[in-house]
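Residue numbers (the numbering used here): 6 to 661.
Note that beta-carbon positions come from the ideal geometry of N, C-alpha and C, so glycine has one too.
Presented below is the structure to which this report refers.
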């Protein structure tokens, strides 16, 4: 994975600039925001220059190519090095990595711009035994090195592994080239011709292809399945061998023919070129020739005839389809997309960013954007804010709106404004109801219980917490209450939250006069019946969605998660309990709990607290196990209540 980019005199970046991209190994979605002209796209372009030798663009104030460089800070998993790395390579990487893991700017004469490197280093130090931390720089002449740290690292390496003459430079160059070659970088600029890029024969699409496709073709070319000769001379050869032999015979005959005119003519191999074609040479040509005959269409329309926004959406769809298909790959894939919302209708922006989030679960994804509506709905990743002349800021997306101490207010406001504008536009243009919920797990449980015909009538959008749901509701309230705003009267937008101690009030009414916008909270009453309450209702027993599910199914899912992801202590805790058959909901805390203590001398409250904490930390895993179970029992009553509030008729036969 790539942690940061270091730019020196590249495009608008004058002098040394350290641009952090992530500070957590799970942050695969890296969003870059900022005003026009601050250098968002330049970050992505520079990486294209670094990995793919795209043209250099020097800073206009620095014409000296010797002063330009691009650096990448890598976090490389040691077990993923592969067989091409020799023991000597690993020794060098150990030295280089230990230098960066131990780097202290107070004791090292390096530019102050690298202070962000230390912040990242400290955030990730718990992974130092598992990962290499390596910075690799590249200059205008395509030479690899260590930027400002060149001499210090050389001194450290020579103390551990003495080299003679030019062997140091040669060894370092080779190992750095191997590290860089592990990565595949795919950059899609905003001005890319989408219809051209989407052709399967292009280099970009082949980068996304499952390696098994190429391997299958290569295997067909290389397998010795063709019999040649008779008797003892009979042997099996490959199609690739025949192709090379035929081509060699042809070139030999051509050479002889031309030498009849002048015997000084010849077809010599270029330097560093192999005599024969390899399977890889032919595989790429086969794929290109085969797919050139096919054109991607959406319905009956060719991609070329779609609008710019539809092409942009198709690009994301195709990337997601290919990325889901990839089973194994030799390289670490990094995809960079410039302004993925470009040309999209505002009502489609939230869908686009949900697809991008899916892509980021399978590779590292870098995007630049002017649409801030994704900020409240993305809960994994990092946000990089570039502001001209100011320090580049790095935030965690998972708590961006909860931890606002250093966050610019304009981003906060624009995030909710863009998102609510997108929701309103989509609500106006389609016939679906909207259900805005706290998290992905809520959406997963709801989709699990809703039947296909019910799901087809609802857009379910997770917003990343109760506070965000409340804020979006308040932003929606005024336009949804306006008499000048016309919506289909049968449609509704419903916000659904848990009942908790910190999220109980809103600044407006919990329902508009036209009853097309409402907010409700899940609530378990004293008889353990689940209700949907208005926010201002005085009955407020803390109730979360994980506490109102099918008890046996939730208990089994919880145990599965504990024994797959928990430590010995939490496993001991859960083993101190049996399942209580007499409860109707899935609550852990309190007397009405699915957990019946065995009475073996352990502290019941402490054990339940530990289990509750495990649930909070592993909600996604538990939801995954729960929703993978078959639906043999009737669904909970609160599903019917939600449908009723949205004006959707439910199948009462399946309700308890």
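- Taking 8 angstroms as the cut-off, the Cβ atoms of residue 535 and residue 503 do not count as close.
- In the DSSP annotation of this structure, the continuous segment of the alpha helix (DSSP H) that includes residue 92 starts and ends at 92-107.
- Only exposed fits residue 167, as fewer than 16 other CB atoms lie within 10 angstroms of its CB.
- For residue 339, the secondary structure class from DSSP, reduced to helix, strand or coil, is strand.
- Here residue 607 has 581 as same chain residues with Cβ atoms under 6 angstroms from its own Cβ, once five neighbours each way along the sequence are excluded.
- Looking at the DSSP output, residue 392 shares a beta bridge with no other residue.
- Under DSSP, residue 117 shares a beta bridge with no residue.
- Assigned with DSSP and collapsed to three states, residue 128 falls in helix.
- Fully enclosed beta strand (DSSP E) runs of no fewer than 3 residues occupy 188-193 of the stretch 143-218, in order along the chain.
- Counting the other CB atoms within 10 Å of its CB gives residue 210 a total of 16 or more, which places it among the buried residues.
- For residue 238, no beta strand (DSSP E) run applies, since DSSP gives it neither H nor E.
- Following the DSSP letters along the chain, one finds residue 329 inside the alpha helix (DSSP H) bounded by residues 313-330.
- Taking all protein chains shown into account, residue 70 has fewer than 16 neighbouring C-beta atoms within 10 Å of its C-beta and is therefore exposed.
- Counting C-beta pairs with one atom in each stretch, the stretch 446-463 and the stretch 473-492 have fewer than three that are closer than 8 angstroms, which means they do not touch.
- Per DSSP, residue 495 lies in no alpha helix (DSSP H) segment and is marked neither H nor E.
- Annotation: the continuous alpha helix (DSSP H) that includes residue 569 extends over 556-570.
- In this structure, the beta-carbon distance from residue 585 to residue 563 does not fall below 8 angstroms.
- In the structure shown, residue 137 falls within a strand segment according to DSSP collapsed to helix, strand and coil.
- A distance below 8 angstroms separates the beta carbons of residue 184 and residue 139.
- Considered as a whole, the stretch 456-487 harbours 463-467 as its complete beta strand (DSSP E) runs of no fewer than 3 residues, in chain order.
- Between residue 542 and the set 108, 548, 525 and 95, the nearest pair of CA atoms involves 525.
- Under the three-state reduction of DSSP, residue 528 is assigned to strand.
- Per the coordinates, the alpha-carbon of residue 364 lies some 42 angstroms from the alpha-carbon of residue 172.
- Per DSSP, residue 296 lies in no beta strand (DSSP E); the unbroken alpha helix (DSSP H) holding it starts and ends at 284-296.
- At the C-beta level, residue 530 and residue 556 stay beyond 8 angstroms of one another.
- Rounded to the nearest whole angstrom, the CA to CA distance from residue 561 to residue 378 is 37 angstroms.
- Residue 96 and residue 472 have their C-alpha atoms roughly 50 angstroms apart.
- In the DSSP annotation of this structure, the continuous segment of the alpha helix (DSSP H) that includes residue 627 starts and ends at 624-632.
- With contacts defined as CB atoms closer than 8 angstroms, residue 8 and residue 24 fail to qualify as a contacting pair.
- Take residue 309, set aside five residues on each side of it, and the residues of its chain with a beta-carbon closer than 6 angstroms to its own are 200, in chain order.
- Residue 626 counts as buried, since at least 16 other C-beta atoms from the protein chains shown sit within 10 angstroms of its C-beta.
- Annotation for residue 447: the continuous alpha helix (DSSP H) segment containing it runs 445-454.
- The Cβ atoms of residue 45 and residue 266 lie no closer than 8 angstroms to each other.
- Per DSSP, the beta-bridge partners of residue 302 are 307.
- Taking residue 220 as the centre and dropping the five residues before and after it, the same chain places no C-beta closer than 6 angstroms to its C-beta.
- Under the 10 Å beta carbon count, residue 442 is surrounded by 16 or more other beta carbons and is classified as buried.
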